[in-house]
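K.L.:
There are 2 protein chains.
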Amino acid sequence: MVTLADVAARAGVSISAVSKVLSGDPSLRVTEPTRERIKAAARELNYRPNFAGRALKSARTQVLGIVVPDLTNALFTDLMDGVEDAAREAGYVVLLGRSDDPRPDAEVYQRLLGEGRVDGLIVQVVDGVAPDGLGALLENNPPVVLINSVAPGQVGSVLLDDVAGARVATEHLLDLGHRRLALVNGLPTSLTAERRRQGFREALADAGVPRRGLLETRLGYRPENGRAALEEILAAPRRPTGVVVANVNAAIGLLAAAREHGVRVPEDLSVVTVHDSWTAENTWPPLTAVSMRFYAMGRAAVDTLVARLDSGTVRDVVITDPPPQLTVRESTAPPSA
Amino acid sequence: MVTLADVAARAGVSISAVSKVLSGDPSLRVTEPTRERIKAAARELNYRPNFAGRALKSARTQVLGIVVPDLTNALFTDLMDGVEDAAREAGYVVLLGRSDDPRPDAEVYQRLLGEGRVDGLIVQVVDGVAPDGLGALLENNPPVVLINSVAPGQVGSVLLDDVAGARVATEHLLDLGHRRLALVNGLPTSLTAERRRQGFREALADAGVPRRGLLETRLGYRPENGRAALEEILAAPRRPTGVVVANVNAAIGLLAAAREHGVRVPEDLSVVTVHDSWTAENTWPPLTAVSMRFYAMGRAAVDTLVARLDSGTVRDVVITDPPPQLTVRESTAPPSA
DNA sequence: CATCGTTGCTCAAACGTTTGATCAGGTCAA
DNA sequence: TTGACCTGATCAAACGTTTGAGCAACGATG
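Residue numbers (the working numbering), protein chains in the order written: chain A, 1 to 337; chain B, 338 to 674.
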């Protein structure tokens with residue numbers, strides 16, 4: 001390993017001179033030849049500052065952690081891309097932790113924040129944990145940003161505009177003439193599910209469609225939850241003609257189950273999903289979907305966290321720009337009856 | 338931040354006594370009461386060893402890096418799960434880097450290995466880079482393990498049994514009675530594509546089916562590549578009745594394109610894919626697939642890397658147990674003609 | 001010629017941990 | 001009573017970096 005001392009020896013100067021030149025310390029006065037000699041020596045020896053030494057001295061690691069409960073969730077890929085890109089631009093690298101344990105003393109939090117491995121943490125709370133369950137984790141006001149979740153008060157959070165997303169999806173079905181709608185939603189404790197329900201209801205209210213009698217399932221965001229939701233829909237007394245699915249993976253499961261049950265999409269049932277992804281355009285029929293900006297959410301989470309670290313600013317962000325956008329494919333059509 | 342000094346002060350002993358007791362140094366003799374006092378003090382203060390201090394002294398970070406070119410690739414989720422699990426068991430955390438830049442001086446390698454942020458690196462080389470292009474990266478024999486790729490000589494690697502996977506898939510079509518087969522494969526420079534071709538050819542040879550005239554596309558592993566491959570298949574003079582697709586994402590794209598072109602699966606065309614995933618069972622028709630052990634590959638990569646770090650042992654591993662296994666769904670059937 | 005200010009660097013401490021060397025005090029045998 | 005040995009700790013250096021304080025040399029000023 002090449003250290004500052006090696007570079008200093010080769011350039012014939014002191015360690016501190018090297019350190020200051022290489023890190024661009026403006027308080028140091030050096031002659032141009034010396035500066036060049038130092039830079040040349042560093043280049044020739046291929047010097048890289050040692051991370052641990054720097055971290056120890058500066059109490060900063062330039063590492064951001066992200067903790068997610070499930071890598072399979074379709075949002076993860078885009079989210080992670082956004083996090084990676086924004087982190088790189090801000091001079092950080094990303095450490096990934098997976099944990100579905102929301103307890104504040106969960107190993108992953110101790111490991112990452114407690115041992116000082118990361119400067120800050122982006123946490124996607126596992127679906128099905130009430131936000132107030134996080135109270136203890138956030139007690140000491142650690143540098144944490146929550147995504148898709150909010151905690152009262154002192155911690156930053158980043159949300160997508162779930163209300164608008166669900167509203168756009170619902171309005172699409174209403175515009176096609178559907179009146180008997182269903183909402184295939186996330187777990188009862190999920191905050192995003194709550195917000196998507198709100199958008200669904202707002203759209204109905206605006207269109208003057210009475211809400212009563214409309215089916216809502218709260219089974220979760222996974223493919224098998226979508227499958228189960230279809231069973232509920234088929235068992236309903238007044239079968240809906242259109243369904244808003246709150247997650248693309250669940251929609252894919254629902255679509256597969258529909259085929260198996262001989263339910264034709266979109267003739268018998270229109271399906272629109274909140275959250276677009278490459279998988280949505282390769283189903284049969286291709287899924288009409290509302291794009292959610294997970295990439296932007298990842299970026300915003302990093303920006304929020306970095307602002308928090310740099311200036312102590314805590315903020316809650318809702319990604320409203322660009323707004324959720326509908327892509328009409330072939331899983332929706334006017335009701336046939 | 339709680340340091341060893343804080344714990345030492347509270348327990349009324351020296352810093353080194355605390356360090357040795359907490360890290361279980363057997364060379365230290367302490368009375369039981371002192372030991373208890375130290376442990377109690379650490380507990381009460383919620384002491385966590387500072388990562389940077391430890392890393393600086395020990396020249397070990399207990400961090401493994403993984404660099405992948407594309408998070409969308411269906412293999413990533415399972416792979417990452419395996420890496421995470423094995424890393425945790427071995428006492429490491431995982432740092433994720435994304436890079437499609439195979440040059441050895443790519444920023445990500447400098448950042449992770451050069452600055453000593455990680456003890457070792459798991460690298461999935463971007464598809465389309467010849468293995469020998471890695472020569473320079475591996476020149477100084479860094480602690481790197483390659484997945485799905487091999488480099489001549491000194492570096493460890495982990496491969497799946499692609500030959501067997503493709504062979505099982507091909508044999509399934511042959512068993513159904515198909516004789517005009519096509520292979521929808523990865524890019525010409527992809528090592529896995531080469532190995533899957535080999536399995537395909539071996540199965541044909543064993544069945545005594547002449548190879549000439551059989552179509553192979555080398556367009557890549559992404560959904561749009563699968564779509565393009567279908568076009569090639571439709572344009573072929575003697576249209577195949579069965580197709581082996583080397584990647585599940587490509588298979589999904591191919592399936593979607595088939596629907597759009599009115600090609601019925603499996604009646605007009607049987608499709609089997611190498612690599613099973615939850616997406617394969619939710620297509621229409623559900624995809625017959627050969628499971629590949631990406632989770633096991635992730636675990637093996639970590640094990641190999643840790644062995645390398647602990648004992649300097651370099652090894653090349655091929656995951657053959659459990660072997661690739663066929664799951665017959667509805668995308669394959671005997672040829673109709 | 002003494003004083004001062006500036007230039008161009010170097011010195012040394014500090015971050016928190018690990019670890020081999022050391023040491024005070026006691027016990028035991030000769 | 002002295003030396004040898006053991007017990008139960010402490011001391012101090014080191015890892016590589018950052019950074020404020022310090023300092024020698026020199027030209028300019030009074």
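Heads up, the beta-carbon is just placed ideally off N, CA and C, and yes, glycines get one too.
Note down, in chain order, all residues in the region 358 to 390 of chain B with a beta-carbon under 9 Å from any beta-carbon belonging to chain A.
P.N.:
So the close ones are ASN383, ARG385, PRO386, ASN387, PHE388, ALA389 and GLY390.
K.L.:
Take A/ALA164 and list the residues in its own chain whose beta-carbon comes closer than 8 Å to its own, dropping the five residues that flank it on each side.
P.N.:
Closer than 8 Å at Cβ, skipping near neighbours: GLY199, THR320, PRO323 and PRO324.
K.L.:
Three or more beta-carbon pairs under 8 Å between the region 35 to 45 of chain A and the region 101 to 121 of chain A, yes or no?
P.N.:
Contact fails: fewer than three Cβ-Cβ distances are below 8 Å.
K.L.:
With 16 other CB atoms within 10 Å as the buried threshold, where does B/SER673 fall?
P.N.:
It is exposed - the Cβ of B/SER673 has fewer than 16 other Cβ atoms within 10 Å.
K.L.:
Please report the residue range of the alpha helix (DSSP H) in which B/GLN447 lies.
P.N.:
Premise fails: B/GLN447 is in no alpha helix (DSSP H) and is neither H nor E.
K.L.:
Counting only C-beta atoms, is A/MET80 closer than 8 Å to chain B at any point?
P.N.:
Closer than 8 Å: yes.
K.L.:
Taking 8 Å as the CB-CB cut-off, is A/ALA55 touching chain B?
P.N.:
A/ALA55 counts as touching chain B.
K.L.:
Given that A/THR189 touches chain B, what residues does it touch there, using C-beta distances under 7 Å?
P.N.:
Residues of chain B passing the Cβ test: none, with the nearest at roughly 23 Å.
K.L.:
So, is the C-beta of B/GLN447 closer than 8 Å to a C-beta in chain A?
P.N.:
So yes, B/GLN447 belongs to the interface.
K.L.:
Please go through the same chain and pick out, in chain order, the residues whose beta-carbon is closer than 6 Å to the beta-carbon of B/HIS509, but skip the five residues on each side of it.
P.N.:
So the qualifying residues of the chain are VAL609 and LEU663.
K.L.:
Can you list, in chain order, the residues of its chain whose CB lies under 6 Å from that of A/ALA280, leaving out five sequence neighbours each side?
P.N.:
So the qualifying residues of the chain are VAL248, LEU287 and ALA289.
K.L.:
Using 8 Å as the Cβ pair cut-off and three pairs as the minimum, do the region 542 to 557 of chain B and the region 515 to 526 of chain B touch?
P.N.:
A contact exists between the region 542 to 557 of chain B and the region 515 to 526 of chain B.
K.L.:
What first and last residue would you give for the alpha helix (DSSP H) that runs through B/VAL500?
P.N.:
Segment 499 to 513, the alpha helix (DSSP H) holding B/VAL500.
K.L.:
Where DSSP assigns a beta bridge to A/ASP316, which residues make up the other side?
P.N.:
According to DSSP, which records beta bridges pairwise, A/ASP316 is partnered with A/SER157.
K.L.:
Please list, in chain order, the residues of the region 234 to 258 of chain A that have any C-beta partner in chain B closer than 7 Å.
P.N.:
So the close ones are ILE252, GLY253 and ALA256.
K.L.:
Return the bridge partner residues of B/ASN522 from the DSSP annotation.
P.N.:
Partner(s): B/ARG555.
K.L.:
How would you label A/ARG32, buried or exposed, when you count the other beta carbons within 10 angstroms and need 16 or more for buried?
P.N.:
According to the sequence provided, residue 32 of chain A is Glu. The question's Arg does not apply to it. Exposed.
K.L.:
At what residues does the alpha helix (DSSP H) containing B/VAL344 begin and finish?
P.N.:
341 to 348 is the extent of the alpha helix (DSSP H) around B/VAL344.
K.L.:
Please state whether DSSP places A/LEU234 in a helix, a strand or coil.
P.N.:
In this structure, A/LEU234 counts as helix in the three-state DSSP scheme.
K.L.:
For A/GLU82, does the count of other Cβ atoms within 10 angstroms reach 16, so buried, or fall short, so exposed?
P.N.:
First, the amino acid is wrong: residue 82 of chain A is Gly here, not Glu. Counting Cβ neighbours within 10 Å, A/GLY82 comes out buried, since at least 16 surround it.
K.L.:
Along chain B, in chain order, which residues have C-beta atoms closer than 9 Å to that of A/ASN141?
P.N.:
In chain order: nothing, as chain B lies at least about 14 Å away.
K.L.:
Which residues in the same chain have their Cβ closer than 7 Å to the Cβ of A/ALA301, if we skip the five residues on either side of it in sequence?
P.N.:
Around A/ALA301: VAL83, ILE122, VAL145, ILE147 and VAL158.
K.L.:
Quick one: Cα of A/ALA246 to Cα of A/PRO143, how far?
P.N.:
C-alpha separation (whole angstroms): 30 Å.
K.L.:
So is A/GLY420 buried or exposed if we call it buried at 16+ other beta carbons inside 10 Å?
P.N.:
The structure shown does not extend to residue 420 of chain A, since chain A is modelled only from 1 through 337, so no value can be given for it.
K.L.:
May I have the straight-line CA-CA distance separating B/LEU642 from B/VAL655, to the nearest angstrom?
P.N.:
Distance between the alpha carbons of B/LEU642 and B/VAL655 is about 14 Å.
K.L.:
Which of helix, strand or coil does DSSP assign to B/ALA626?
P.N.:
Three-state DSSP puts B/ALA626 in a strand.
K.L.:
Can you say whether B/THR669 is buried or exposed, counting buried as having 16 or more other CB atoms within 10 angstroms of its CB?
P.N.:
Buried, by the Cβ-count rule.
K.L.:
Reducing DSSP to helix, strand and coil, say where B/ARG435 ends up.
P.N.:
In the structure shown, B/ARG435 sits in a strand (DSSP, three-state: E or B).
K.L.:
Can you tell me whether DSSP reads B/GLN399 as helix, strand or coil?
P.N.:
Of the three classes helix, strand and coil, the one that applies to B/GLN399 here is coil, per DSSP.
K.L.:
In the DSSP assignment, the alpha helix (DSSP H) including B/GLY457 goes from what residue to what residue?
P.N.:
First-last for B/GLY457: 457 to 461, but that is the beta strand (DSSP E), not the alpha helix (DSSP H).
K.L.:
Using the beta-carbon count (16 or more within 10 Å), is B/MET338 buried or exposed?
P.N.:
So B/MET338 ends up on the exposed side.
K.L.:
Is the separation between the beta-carbon of A/GLY97 and that of B/VAL430 shorter than 8 Å?
P.N.:
Result yes, Cβ atoms of A/GLY97 and B/VAL430 sit closer than 8 Å.
K.L.:
Quick one: is A/THR3 near chain B, going by C-beta distance under 8 Å?
P.N.:
It does not; no Cβ of chain B falls within 8 Å.
K.L.:
Between the region 278 to 293 of chain A and chain B, which residues of the former have CB atoms less than 9 Å from a CB of the latter, in chain order?
P.N.:
Those would be TRP278, THR279, GLU281, ASN282, THR283, TRP284, PRO285 and PRO286, in chain order.
K.L.:
Rounded to whole angstroms, how far is the Cβ of B/VAL581 from the Cβ of B/ALA503, which I believe are closer than 8 Å?
P.N.:
The pair is a contact, with the Cβ atoms about 6 Å apart (cut-off 8 Å).
K.L.:
From this set, A/THR241, A/ALA235, A/VAL108 and A/VAL125, which residue's C-alpha is nearest A/LEU174's C-alpha?
P.N.:
The shortest C-alpha separation from A/LEU174 is found at A/THR241.
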